[in-house]
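All residue numbers for the sequence shown refer to the UniProt record's numbering, where the first residue is 1 and numbers rise by one.
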Amino acid sequence: MGILQHEITRRTVIAGTGGLVVSFSLGRAFAQAPAPTPPAATPPAPPASLPGSLDDDRFLDSWIRIDPDNSVTVFTGKAELGQGIRTALLQVAAEELEVDPQEIKFVTADTGRTPNEGFTAGSQSMQNSGTAIRNAAAQVRALLLAEAAKRFGTAPAELRAENKSVLAKDGRSATYGELVSGQMLHVEAQPQSALKQPGTFRVMGKPLPRVDIPAKVTGRPAYVHDLRMDGMLHARVVRPPSPAATLTELDQGAAEGMPGVISVVRDGNFLAVVAEKEFQAVSAMRALAAAARWQERDTLPDQTTLPAVLQGLEREVGTVAEAGALSSNGKVFEATYTRPYQIHGSIGPSCAVAHMKADGTLDVWSHTQGVFPDRGAIAEMLAMPEEKVHVIHMEGSGCYGHNGADDAAGDAALIASKIPGKPVRVQWMREQEHSWEPYGPAMLMKVSATLDGQGKIASWAYDLWSNTHSTRPGGAGALLAARHKAQAFQPEPAELRISPSGNGDRNANPLYAIPNKRVLWHFLPDMPLRVSALRALGGYANVFAIESTIDELALMAEADPVEFRLSHMEDPRARAVIELAAERFGWDKAQMPRNRGRGFAFARYKNLAAYLAVAMEAEVEPETGRVRIVRVVSAIDSGEIVNPDGIRNQTEGGILQSISWTLYEAVAFDRTRITSTDWSSYPILRFASVPDSVEVHIIERPGEPFLGTGEAAQGPAAAAVANAIRNATGKRLYDLPFTRERIRNAVGRA
């Protein structure tokens with residue numbers, strides 16, 4: 001021991017790992033003078049940032065798998081929601097791997113198989129997953145070329161990849177499956193990739209028929225609604241009649257005695273019935289609902305004074321943007337704009353299937369936008385370890401944001417936990433979808449803008465009042481089933497967060513060159529109605545308000561609306577979409593026919609994604625208040641083009657949905673209940689009101705980053721409708737939607 005004490009010196013302390021362990025243990029054992037402090041270790045350098053979602057899941061085999069039979073599988077954590085992302089991501093992988101798209105197996109959003117990419121939201125699938133897959137595929141191709149070069153005794157530059165093989169100039173070849181062995185692809189991705197250049201593309205940049213369409217048009221199983229499993233049971237949930245209702249009495253005997261009924265499930269305010277067949281479940285649900293007694297309270301605001309209610313709910317103010325000093329010297333325009341609560345309005349109601357298996361694991365099939373967050377919420381609700389819950393994405397009937405998909409999954413999971421061993425299918429009813437899905441939040445926007453003597457915007461003050469626009473899981477409290485349990489989970493408190501991509505404040509800061517401005521978000525943490533993400537979040541209403549104001553300022557400046565925008569725009573890509581949309585529309589200063597008008601609007605989505613400008617021609621019937629959009633011409637810049645048809649489809653769909661929101665849609669309620677529970681009380685755009693033509697012109701940006709497309713049209717389309725009505729009637733409308741009654745009141749009856 002004495003010898004050991006003698007050898008404990010500074011040199012032995014720092015000599016190596018073993019010495020470190022021995023010296024410190026002995027020093028404590030003998031309680032002698034403290035051992036010398038070793039020099040502080042240099043912290044390891046943080047790993048280099050990787051492109052897109054590779055930064056979150058850094059191993060190549062998380063994204064690309066090649067098997068010995070030469071099959072190629074590509075994985076994405078993003079979900080196909082009807083936006084065509086499965087096809088576009090497939091094209092990206094096929095291009096860089098030099099594989100025909102039909103030769104690739106493609107796996108989307110599955111907690112047991114794919115990377116965790118959070119939510120499929122914010123038009124970020126191409127930016128995040130597309131970028132990750134493209135770089136991973138390019139690096140896998142490079143590894144395959146390097147392995148073949150080693151085997152052939154040649155340089156990688158002398159080889160080429162083609163059709164799942166590597167070919168040498170002398171005719172030798174090896175398939176990908178022959179080249180891949182062991183853990184070859186289980187390596188971390190590198191920050192830089194040898195990406196193919198646009199001029200060499202075979203697949204990217206060209207239209208490819210969507211791979212999800214054939215099953216949908218031929219009646220094959222395509223949606224979670226189509227899923228049928230051996231021994232599957234059907235369930236229906238009896239929702240409370242209003243948000244604050246409490247179940248006080250229940251006589252479930254009649255429902256339990258109905259044909260095919262397996263069980264009545266009650267947990268606090270959560271009430272459901274399970275049957276062998278679907279219509280049996282529907283019939284029992286009706287009987288159970290009639291036998292339930294609820295205590296209701298008046299907790300909803302007065303809809304007639306909603307703007308004042310929103311202002312009264314303000315608890316915190318955040319500064320979104322600020323520059324210079326505000327001034328009222330010059331011509332001043334002031335206005336207040338409003339947006340109501342609006343629904344997602346998926347034509348098919350929400351659905352899910354869950355199966356609690358004998359081994360204690362739970363499988364859930366859902367059209368959620370986030371399989372991993374939904375897994376966490378379900379696991380918390382059921383007090384299960386996350387690794388015991390497996391959530392698999394299957395398509396639903398459209399979502400456009402956080403609709404009832406996660407809730408239906410929670411319903412199915414809770415019911416299945418009460419009936420282990422049997423798959424349980426839950427489908428919502430139409431009135432449940434309208435009454436209980438999370439809504440797009442109501443908003444209030446106030447603008448005060450000043451023109452200087454040269455007709456330029458000198459000062460801009462913008463104030464918006466809004467809740468958060470995202471309460472996605474988010475914990476069990478985001479699920480209706482968890483909220484209604486006897487041991488209820490509460491939603492997470494809403495917090496004001498100002499970020500570059502925005503939330504309720506999305507697009508609240510105009511992209512135009514304005515020297516003096518202030519943009520404030522008056523945050524409302526309390527949510528009288530349940531809200532969450534609806535396509536474009538706050539960008540829809542903010543762009544509507546901003547671009548309506550821009551048109552009014554152009555009138556004050558006696559300038560053409562397009563020229564006025566260009567005079568305030570410095571971003572060359574923004575100028576390009578404005579000029580292209582105006583050119584293809586045939587924008588001029590000619591007088592429009594009576595009761596017809598033209599409108600123009602522009603925005604860059606989130607001020608960092610796709611650029612879009614749109615021009616519209618509208619016809620207004622003063623006698624009836626009906627507005628008919630005659631034609632639409634748009635121009636979009638989404639960065640590198642992967643599938644031009646996909647960009648057009650998303651843009652056309654966004655324009656039509658925005659027209660529907662703008663002319664028709666508003667949630668109706670009294671002090672207790674939602675009253676817009678069907679398509680009659682919540683009207684949407686019908687085929688007879690679809691514009692005669694909708695044109696989408698895409699600006700090619702080869703080599704530029706992907707920008708995303710899905711939500712770029714929402715705000716500009718709304719503003720273009722408003723500006724076209726203003727041009728046709730001489731009247732500015734400030735309150736969405738522009739119903740026939742509001743049009744008649746503004747224009748005056750003939």
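Quick reminder that beta carbons are idealized off the backbone N, C-alpha and C, glycines included.
Between the alpha carbons of ALA536 and ARG604 lies a distance of about 12 Å. Between the C-alpha atoms of THR299 and GLU80 there is a straight-line separation of about 37 Å.
Contact between ALA161 and VAL238 is absent: CB atoms are separated by about 58 Å, not below the 8 Å threshold. By the Cβ test, the region 173-187 is in contact with the region 137-147, since at least three Cβ pairs between them sit closer than 8 Å. THR338 is positioned such that its CB atom lies closer than 8 Å to that of LEU736.
Contact between the region 692-708 and the region 639-649 is present: three or more C-beta pairs spanning the two stretches fall below 8 Å. Between GLY708 and GLN102, the C-beta spacing is not below 8 Å. PHE106 is not a Cβ neighbour of ARG134, given a cutoff of 8 Å.
The beta-bridge partner set that DSSP reports for HIS234 consists of ALA275, ARG425.
Non-local beta-carbon contacts of ALA635 in its own chain, meaning distances under 6 Å to residues more than five positions away in sequence, involve VAL577, LEU580, ALA581, ALA613, HIS697 in chain order.
A distance below 6 Å between beta-carbons, with the five flanking residues on each side excluded, links VAL332 to the following residues of its chain, in chain order: THR450. GLY253 counts as exposed, since fewer than 16 other C-beta atoms from the protein chains shown sit within 10 angstroms of its C-beta. With fewer than 16 other Cβ atoms inside 10 Å of its own Cβ, GLU188 counts as exposed.
The closest CA to that of TRP587, considering only PRO561, GLY376, PRO572, ARG596, is found on PRO561. Beta-bridge annotation (DSSP): PHE106 is paired with VAL74.
The DSSP-derived three-state label of ASN403 is coil. The beta carbons of GLY639 and PHE585 sit no closer together than 8 Å. The C-alpha of ARG236 lies about 10 Å from the C-alpha of CYS351. Distance from the CA atom of PHE600 to the CA atom of PRO500, rounded to whole angstroms, is 26 Å.
Here ALA138 is not near SER49, since their CB atoms are 8 Å or more apart. Around the beta-carbon of PHE687, fewer than 16 other beta-carbon atoms lie within 10 Å, marking it exposed. Relative to the Cα of PHE489, the nearest Cα in the group ASP302, ALA545, ASP267 belongs to ASP267. Beta-bridge analysis with DSSP links ASP267 to PHE270. Under the three-state reduction of DSSP, ASN467 is assigned to coil, being neither helix nor strand. About 6 Å separates the CB atoms of GLU665 and ILE684; that is less than 8 Å, so the two are in contact. Cβ-Cβ separation between ALA722 and PHE544: approximately 6 Å, consistent with a contact (criterion under 8 Å). The beta carbon of GLY82 lies closer than 6 Å to those of GLY398 in the same chain, with the five residues before and after it left out.
Take HIS186, set aside five residues on each side of it, and the residues of its chain with a beta-carbon closer than 8 Å to its own are PHE59, LEU60, ASP61, in chain order. Judged by DSSP secondary structure, MET616 falls outside any alpha helix (DSSP H) and instead within the beta strand (DSSP E) spanning 611-620. Check the Cα spacing between GLN124 and each of LEU97, LEU89, VAL99, ALA94: the tightest is with LEU89. Looking from the CA of GLN190, the closest CA among GLU98, GLU296, THR76, LEU54 belongs to LEU54.
Per DSSP, the beta bridge partners of GLU188 are PHE59. The Cβ-Cβ distance between HIS234 and ALA281 falls below 8 Å.
For MET443, the enclosing beta strand (DSSP E) starts and ends at 443-451. Annotated three-state conformation of LEU414 is helix, per DSSP.
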